[in-house]
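Asks: Its first residue numbered 134, the sequence shown is counted upward by one per residue in my numbering.
No residue lacks a Cβ here, since even glycine has one placed at the ideal position from N, Cα and C.
Shown below is the structure under consideration.
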Amino acid sequence: MNDHIKKRKAALHNLGCKVNSYELEAMQQQLEKAGYEIVPFEPGADVYVINTCTVTNIADRKSRQMLHRAKKMNPDAVVVAVGCYAQVRGEELSADPDVDIIIGSSRKGDLVSELEKYLGEDPMAESEHESPAAVQQDSQHIALRDVGSWKEDTSYERLEIDRTEEHTRAFIKVQDGCNQFCSYCIIPFARGRVRSRAEDDVVGEIRRLASTGVKEVVVTGIHLCSYGADFKDSSAAEDRAGSEAAELQPDCRCAALLHLLQEVNKIDGIERIRLGSLEPGYIDEAFIRGIAALPKICPHFHLSLQSGCAKTLKNMNRKYTPDDFAEVAAMIRKYFEHPALCTDIITGFPGETEEDFEECRQFVSDIHFFETHIFPYSRRKGTVADRMSGQNTEAVKKARGAVLHDLDMTRRKEFLRYYIGRPVEVLFEEQVTVGGRTYWSGHGREYQKVLLADTRDLTNQLVTVTPAQILGDDSLLGY
134 MNDHIKKRKA ALHNLGCKVN SYELEAMQQQ LEKAGYEIVP FEPGADVYVI NTCTVTNIAD
194 RKSRQMLHRA KKMNPDAVVV AVGCYAQVRG EELSADPDVD IIIGSSRKGD LVSELEKYLG
254 EDPMAESEHE SPAAVQQDSQ HIALRDVGSW KEDTSYERLE IDRTEEHTRA FIKVQDGCNQ
314 FCSYCIIPFA RGRVRSRAED DVVGEIRRLA STGVKEVVVT GIHLCSYGAD FKDSSAAEDR
374 AGSEAAELQP DCRCAALLHL LQEVNKIDGI ERIRLGSLEP GYIDEAFIRG IAALPKICPH
434 FHLSLQSGCA KTLKNMNRKY TPDDFAEVAA MIRKYFEHPA LCTDIITGFP GETEEDFEEC
494 RQFVSDIHFF ETHIFPYSRR KGTVADRMSG QNTEAVKKAR GAVLHDLDMT RRKEFLRYYI
554 GRPVEVLFEE QVTVGGRTYW SGHGREYQKV LLADTRDLTN QLVTVTPAQI LGDDSLLGY
């Protein structure tokens, strides 16, 4: 690799979901292997990579702000917009003079080669360049996927990591894309159709991470329950595991995902497996029974609800009813003792009346979630909901969100107090200061945050403790 490439400094910034975080780690490691020096997202970098998000209008705004901030930090630097916002709003970004390279959702693995193309470099050459600014082209370099091509191409873009900055916990992306087309969601246009990663690739990556000391993995994707759905239409040898899983678990709608988790459960060194967001319309008892038989699965489940009102769910084009959701929650509690159930709620969806919201609030209250993540409805150009009548005001969305926030705080404390005085297995991560005292901080299997005052080095250690206090809402809950 050229000396001038090795001397370049790259800074990266992530916006959005855990899948984005994983992909940014993978891109960072690609840059390191290509000889770039990774530096903080501060003035002085030669290349700035912003992994963008477009799930809400706020995410769009933050993506633009970070791109402009990068160019201000170094006007001569190469600014790269990557990911969902770049994919969906690429045409708008092409008119932005602060953005030099635009890379869409399925081209993140091409980051280094796209940089080399933009800079006019031959990686086999031995010539010297003064700076990125000296070799920049006059126009942007754009590497976007044609949205119309998502249907035809179900290939999974290979991205992987060989270590994680967290050391204790690693997020593992196993699936991309979504076929659901909920009426409010832009993600199918940003991420495309369902594409799944070969089981052998996933298991191999987790084995390598386990060898570095990682003890917990979070298996995640854009629509995780669809993992393996595309295998049915493929005859590729590496996809055989998905077909075999379907044959072995014919009554399980998430058979390929279950089979993958069974294989991950066998990996030495991995002590815990968490799951990303699960779609309640896909979850059946065969799947829950199957994961309950795996000792490494953590009883911490994020079930994507969005609304507890039947009418609103139908308008959202969600594929289940509140009764269906309640049935899934009951099944999980049948197989796991006091599991942590978490969810997302959108407030102020078009057409949501006060009566509809009250139906939602009551349902959320009855389910007794550990955590409820609340989002005001965000209009997304190009979606069905953007054209719906009955758009609620921002004040209405905010007021309804505040009601659910208060309920969420009550339920969180209720859930956490259950563990005070009970044995909890904790994977400790770091030292923190709370109330002027220093503690070791870690998470239990249900993702409750536990603090322990101890002089030993507990980094990445599994220890069973009986807490007299548990951290909740940045304050200690206790007797």
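Along the alpha helix (DSSP H) that carries glutamine 161, what are the first and last residues, could you check?
Replies: In the sequence shown, counting from the first residue as 1, residue 161 sits at position 28. Element bounds for glutamine 161: 151-166.
Asks: Counting only runs that start and end within the segment 568-593, where is the beta strand (DSSP E) found for 3 or more residues in a row?
Replies: Here the runs fully enclosed are 570-577, 582-585.
Asks: Out of Cys318, Leu226, Glu349, which has the shortest C-alpha to C-alpha gap to histidine 356?
Replies: For the purposes of this step, residue 356 is taken as residue 223 along the sequence shown, with counting starting at 1. Of the candidates Cys318, Leu226, Glu349, the one whose C-alpha sits nearest the C-alpha of histidine 356 is Cys318.
Asks: Would you call the segment 423-435 in contact with the segment 573-580, where contact means no fewer than 3 C-beta pairs closer than 8 Å?
Replies: Yes, they touch.
Asks: For alanine 159, count neighbouring C-beta atoms within 10 Å of its own C-beta (all shown protein chains included) and say buried if the count is 16 or more, exposed if not.
Replies: Counting from one through the sequence shown, the residue named residue 159 turns up at place 26. The residue in question, alanine 159, is buried, as its Cβ has 16 or more Cβ neighbours within 10 Å.
Asks: Please identify the residue among Val212, Asn147, Arg197 whose C-alpha is closest to the C-alpha of glycine 177.
Replies: On the sequence shown, residue 177 is found 44 positions in, with the first residue counted as 1. Among Val212, Asn147, Arg197, the Cα nearest to that of glycine 177 belongs to Val212.
Asks: Would proline 472 and isoleucine 465 qualify as a contact pair, given that the criterion is a beta-carbon distance under 8 Å?
Replies: For the purposes of this step, residue 472 is taken as the residue at position 339 of the sequence shown. For the purposes of this step, residue 465 is taken as the residue at position 332 of the sequence shown. Yes, these two residues count as a Cβ contact at 8 Å.
Asks: If you count every other CB in all the chains shown that lies within 10 Å of the CB of threonine 297, and 16 or more means buried, which is it?
Replies: Along the sequence shown, read from residue 1 onward, the residue named residue 297 stands at position 164. Under this definition threonine 297 is a buried residue.
Asks: Can you tell me where the beta strand (DSSP E) holding glutamate 504 begins and where it ends?
Replies: For the purposes of this step, residue 504 is taken as the residue at position 371 of the sequence shown. Residues 504-509.
Asks: So what does isoleucine 305 bridge to, in DSSP terms?
Replies: Within the sequence shown, numbered from 1, the residue matching residue 305 stands at position 172. Note: isoleucine 305 sits in a beta bridge opposite Val352.
Asks: Can you list, in chain order, the residues of its chain whose CB lies under 7 Å from that of histidine 538, leaving out five sequence neighbours each side?
Replies: To locate residue 538, count along the sequence shown from 1; it is residue 405. The answer, listed in chain order, is Ile507.
Asks: Assuming contact is defined by CB atoms lying nearer than 8 Å, are lysine 306 and tyrosine 551 in contact in what I supplied?
Replies: Numbered from its first residue, the sequence shown carries residue 306 at position 173. Numbered from its first residue, the sequence shown carries residue 551 at position 418. Going by C-beta atoms, lysine 306 is not nearer than 8 Å to tyrosine 551.
Asks: What residue from Ser316, Gly554, Phe503 has the CA that sits closest to glutamate 547's CA?
Replies: If you number the sequence shown from 1, residue 547 lands on position 414. The shortest C-alpha separation from glutamate 547 is found at Phe503.
Asks: Which residue or residues does DSSP assign as beta-bridge partners of serine 329?
Replies: As a working note, residue 329 is residue 196 in the sequence shown. Note: serine 329 sits in a beta bridge opposite Gln308.
Asks: Pick from Lys531, Arg451, Ala518, Ala443: whose alpha carbon is nearest that of aspartate 488?
Replies: In the sequence shown, counting from the first residue as 1, residue 488 sits at position 355. It is worth fixing the name first, because residue 488 is glutamate in this sequence and not aspartate. Closest by alpha carbon: Ala443.
Asks: Does the Cβ of aspartate 233 have 16 or more other Cβ atoms within 10 Å, making it buried, or fewer, making it exposed?
Replies: Here residue 233 refers to the residue found at position 100 of the sequence shown. So aspartate 233 ends up on the buried side.
Asks: Measure the CB-CB distance between isoleucine 478 and threonine 505 and report whether it falls below 8 Å.
Replies: Indexing the sequence shown from 1 puts residue 478 at position 345. Indexing the sequence shown from 1 puts residue 505 at position 372. Yes, these two residues count as a Cβ contact at 8 Å.
Asks: Does the count of Cβ pairs from the segment 174-189 and the segment 202-211 closer than 8 Å reach three?
Replies: With the cut-off at 8 Å, the segment 174-189 and the segment 202-211 touch.
Asks: Can you tell me the Cα-Cα spacing of tyrosine 572 and arginine 555, whole angstroms?
Replies: The count along the sequence shown starts at 1 and reaches residue 572 at position 439. The count along the sequence shown starts at 1 and reaches residue 555 at position 422. Taking the straight line from one Cα to the other gives about 19 Å.
Asks: Are there 16 or more other CB atoms within 10 angstroms of the CB of isoleucine 320, so buried, or fewer, so exposed?
Replies: As a working mapping, residue 320 is identified with position 187 in the sequence shown. Buried, because 16 or more other Cβ atoms sit within 10 Å of the Cβ of isoleucine 320.
Asks: Measure the Cβ-Cβ separation of glycine 441 and glutamate 485 and say whether it is below 8 Å.
Replies: Locating residue 441 in the sequence shown gives position 308, where the first residue counts as 1. Locating residue 485 in the sequence shown gives position 352, where the first residue counts as 1. Going by C-beta atoms, glycine 441 is not nearer than 8 Å to glutamate 485.
Asks: Excluding sequence positions up to five away, which residues of its chain have a Cβ less than 7 Å from the Cβ of valine 245?
Replies: Position 112 of the sequence shown, counted from the first residue, corresponds to residue 245. Taken in chain order, the residues that qualify are Gln163, Leu164, Ala167.
Asks: Should glycine 354 be labelled buried (16 or more other beta-carbon atoms within 10 Å of its own) or exposed?
Replies: The count along the sequence shown starts at 1 and reaches residue 354 at position 221. Under this definition glycine 354 is a buried residue.
Asks: At the level of alpha carbons, what is the spacing between isoleucine 421 and leucine 408?
Replies: Residue mapping note: residue 421 aligns to position 288 of the sequence shown, counting from 1. Residue mapping note: residue 408 aligns to position 275 of the sequence shown, counting from 1. If I take the Cα positions, the gap works out to 12 Å.
Asks: Apart from the five residues just before and just after threonine 543, which ones in its own chain have a Cβ nearer than 8 Å to its Cβ?
Replies: Indexing the sequence shown from 1 puts residue 543 at position 410. The answer is none, since no qualifying residue turns up.
Asks: Going straight from the alpha carbon of lysine 241 to that of histidine 146, what length do you get?
Replies: Counting from 1 along the sequence shown, the entry for residue 241 is found at position 108. Counting from 1 along the sequence shown, the entry for residue 146 is found at position 13. Going from the Cα of lysine 241 to the Cα of histidine 146 covers about 14 Å.
Asks: Would a check of beta-carbon distances place valine 327 closer than 8 Å to chain D?
Replies: Here there is only one protein chain, and chain D is not present.
Asks: Going by beta carbon distance, what residues of the same chain come within less than 6 Å of phenylalanine 561, once the five residues before and after it are set aside?
Replies: Reading the sequence shown from its first residue, position 428 is the one you call residue 561. Trp573, Gly575, Leu591, Gln594, listed in sequence order.
Asks: Using beta-carbon positions only, say whether serine 288 and arginine 324 come within less than 8 Å of one another.
Replies: Mapped onto the sequence shown, residue 288 falls at position 155. Mapped onto the sequence shown, residue 324 falls at position 191. Contact: no.
Asks: Grouping DSSP H, G and I as helix and E and B as strand, with all else coil, what is threonine 516?
Replies: The residue you call residue 516 lines up with position 383 of the sequence shown. Residue state, collapsed to three classes: coil.
Asks: Could you check which residue in Cys315, Asn153, Ile400, Lys348 has the C-alpha nearest to that of arginine 512?
Replies: Counting from one through the sequence shown, the residue named residue 512 turns up at place 379. Checking every option, the nearest Cα to that of arginine 512 belongs to Cys315.
Asks: Given a threshold of 16 other Cβ atoms within 10 Å of its Cβ, counted over all protein chains shown, does proline 413 qualify as buried or as exposed?
Replies: Counted from its first residue, the sequence shown places residue 413 at position 280. Buried, because 16 or more other Cβ atoms sit within 10 Å of the Cβ of proline 413.
Asks: Output the distance between the C-alpha atoms of phenylalanine 649 and valine 350, rounded to the nearest integer angstrom.
Replies: The requested residue 649 is not part of the displayed model; the chain covers only 134 to 612.
Asks: On the DSSP letters alone, give me the boundaries of the alpha helix (DSSP H) that glycine 423 sits inside.
Replies: The residue labelled residue 423 in the question sits at position 290 within the sequence shown. Glycine 423 -> alpha helix (DSSP H) spans 418-425.
Asks: Please name the residue, chosen from Ser239, Thr597, Asp541, that lies closest to cysteine 475 on a Cα-to-Cα basis.
Replies: The residue labelled residue 475 in the question sits at position 342 within the sequence shown. Nearest C-alpha to cysteine 475: Asp541.
Asks: Would you say lysine 306 touches the ligand ZN, meaning its beta carbon is less than 7 Å from a heavy atom?
Replies: Looking at this structure, you won't find the ligand ZN or any other ligand, since it has none at all.
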